[in-house]
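A.B. asks: Provided herewith is a single structure, encoded as structure tokens, for subsequent inquiry.
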DNA sequence: GAAAGCATGTAAACCGTTACATGATTGG
DNA sequence: CCAATCATGTAACGGTTTACATGCTTTC
């Protein structure tokens, strides 16, 4: 069976502080977006099922604009579940790179198109890396202040390292393909 | 809408040579496993729908052991579709790292458990990297023989670079956590 | 004779995305 | 007054995984 990891993402965030579904979405998009994503269509139903199972509970309802803002809190039961998951090593991490799938079959298309695809990849990663670098620098200053910050730093650092690898590879790949395309030098 | 990429994976493989569903599974597991995965439960229905749409066609049925071995071939229509996809840059590549999600929340557990999790990650990646390195070396020798080999080399090289980043990060992370755990030196 | 590998497929369950529906408040 | 933001949710669809069902051949 495939465990629902969205459940643990919510538990992890609520373990830090009580939040609403809307808050959770914001945190995912801002703090976790480099390695995780989730939509409202997943968050709200998961919140409901976690509450039903007693892993979280409604702390309060606030009303400011539109529907009630429902703030949830993690329960002791939820904390136990979260910690159990956290302490278990991830066994298989299956990633899928559509870009590599394309590249693998790209002998069927024009080399200039292949180069364009890699350049597109390169540009996107370059942009994202700027944000990552800034994030890393900020976290480096404060990482000794708490265990939280130290963990955030480690995840940001992971991204930084991997993105560096992306960019190095992309440049080498482009150079190699270009060299091969125009060997009249 | 979310495009069915499994379709293109099959088309890409069949563009190289006619194959059965069983063959496709084998190729995915051996040649693409570093960046793609697929099960029979996906391959057979996709094969059926591609044949229905006229993107592939049944070349022959062979009988050796058990059910007929159904070998499929890509059609001209399928080739057009494949090439169109290949020439389009991938816009957003969303990866999910369960390991990083855990790490992000790991201030809630014992640092020794965090270290153990990272070590588990490190060991798995080390093992896989050995295979990648061998693969890269073999491909480097023959990559000038055909455009196919050149593309295979580039994908293997991508894996190599990224795995190097994984391992460097893991060692630094472990060192940092250990240093912090036992500061009495 | 049992186990592993060859070979195809279906059905159920689950995960995840997208679109839709609703509606109040705030800022330009 | 219109757009953006806050805020919650449902429904439909599509992708993916897992389990199940079948049965032959080869190897130990």
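Chains as they are written, first to last, in the working numbering: chain Y, 1 to 185; chain W, 1001 to 1185.
Here a beta-carbon is modelled for each residue, glycine too, at the ideal position from N, C-alpha and C.
None of these values were measured; they are calculated from a predicted model.
(1) Determine, using beta carbons only, whether residue 1165 of chain W and residue 156 of chain Y come nearer to each other than 8 Å.
(2) So for residue 1097 of chain W, helix, strand or coil by DSSP?
(3) What residues from chain W crowd round residue 152 of chain Y, counting only those whose CB sits closer than 8 Å?
(4) Show which residues of chain Y have a CB atom less than 8 Å away from the CB atom of residue 1109 of chain W.
(5) Taking Cβ-Cβ distances below 9 Å as the criterion, which residues of the stretch 5-18 of chain Y are in contact with chain W?
(6) From this set, W:1138, W:1152, W:1172 and W:1047, which residue's C-alpha is nearest residue 173 of chain Y's C-alpha?
(7) Determine whether the Cβ of residue 72 of chain Y lies closer than 8 Å to any Cβ atom of chain W.
(8) Do residue 1050 of chain W and residue 1010 of chain W have their C-beta atoms closer together than 8 Å?
(9) In the DSSP assignment, find the alpha helix (DSSP H) that holds residue 1086 of chain W and state where it starts and stops.
(10) Using C-beta distances below 8 Å, list every residue in its chain close to residue 1019 of chain W, excluding the 5 sequence neighbours before and after it, in chain order.
(11) For residue 131 of chain Y, which residues in the same chain have their Cβ closer than 6 Å to its Cβ, ignoring the five residues on either side in sequence?
(12) Can you check which of these residues, W:1160, W:1110 and W:1038, is closest to residue 1178 of chain W by C-alpha distance?
(13) Answer with buried or exposed for residue 159 of chain Y, where buried requires no fewer than 16 other C-beta atoms within 10 angstroms of its C-beta.
(14) Exposed or buried, what is residue 1040 of chain W when buried is set at 16 or more other beta-carbons lying within 10 Å of its beta-carbon?
(15) Between the C-alpha atoms of residue 60 of chain Y and residue 1101 of chain W, what's the straight-line distance to the nearest angstrom?
(16) Taking a cut of 7 Å between CB atoms, which residues from the stretch 31-44 of chain Y lie near chain W?
(17) List the residues of chain W whose Cβ lies closer than 8 Å to the Cβ of residue 165 of chain Y, in chain order.
(18) Could you give the DSSP three-state label for residue 73 of chain Y: helix, strand or coil?
(19) Do you know offhand how far residue 118 of chain Y's Cα is from residue 1161 of chain W's?
(20) What residues are listed by DSSP as bridge partners for residue 58 of chain Y?
(21) Spell out a yes or no on whether the stretch 1077-1090 of chain W and the stretch 79-90 of chain Y are touching, meaning 3 or more CB-CB pairs, one atom from each, closer than 8 Å.
(22) What are the uninterrupted segments assigned as alpha helix (DSSP H) that are 4 or more residues long and contained completely in the stretch 144-181 of chain Y, given in chain order?
(23) Is residue 147 of chain Y close to chain W, meaning its C-beta is less than 8 Å from at least one C-beta of that chain?
(24) Return the first residue and the last residue of the alpha helix (DSSP H) that residue 197 of chain Y is part of.
(25) In the stretch 1091-1102 of chain W, which residues sit with their C-beta less than 9 Å from some C-beta in chain Y, listed in chain order?
C.D. replies: This is what the structure holds:
(1) Not a contact, by the Cβ cut-off of 8 Å.
(2) Here DSSP, grouped into helix, strand and coil, assigns residue 1097 of chain W to coil.
(3) Simply 1104.
(4) Contact of residue 1109 of chain W with chain Y by beta-carbon distance below 8 Å involves 83, 86 and 87.
(5) Flagged, chain order: 5, 8, 9, 11, 12, 13, 15 and 16.
(6) Answer by Cα proximity: W:1152.
(7) Output row for residue 72 of chain Y: interface = no.
(8) In contact: residue 1050 of chain W and residue 1010 of chain W (Cβ atoms closer than 8 Å).
(9) Counted as a single uninterrupted DSSP element, the alpha helix (DSSP H) harbouring residue 1086 of chain W occupies residues 1076-1086.
(10) So the qualifying residues of the chain are 1013, 1027, 1071 and 1072.
(11) Here the set comprises nothing.
(12) Looking at the Cα atoms, W:1110 is the closest of the given residues.
(13) By the neighbour-count criterion, in which a residue is buried when 16 or more other Cβ atoms sit within 10 angstroms of its Cβ, residue 159 of chain Y is buried.
(14) It is exposed - the Cβ of residue 1040 of chain W has fewer than 16 other Cβ atoms within 10 Å.
(15) So the alpha carbons of these two residues sit roughly 27 Å apart.
(16) Residues passing the 7 Å Cβ filter: 32, 35, 36 and 37.
(17) What residue 165 of chain Y touches in chain W: 1161, 1162, 1164 and 1165.
(18) Correct three-state label for residue 73 of chain Y: strand.
(19) Roughly 15 Å separates the two Cα atoms.
(20) BP columns for residue 58 of chain Y point to Y:72.
(21) No, they do not touch.
(22) Counting whole runs of 4 or more residues, the stretch 144-181 of chain Y contains the alpha helix (DSSP H) stretches 147-181.
(23) Cβ-Cβ to chain W under 8 Å: yes for residue 147 of chain Y.
(24) Here chain Y comprises residues numbered 1 to 185, so residue 197 of chain Y is not present and cannot be evaluated.
(25) Going along the stretch 1091-1102 of chain W in chain order, one finds 1091, 1092, 1093, 1094, 1095, 1096, 1097, 1098, 1099, 1100, 1101 and 1102 with a Cβ nearer than 9 Å to chain Y.
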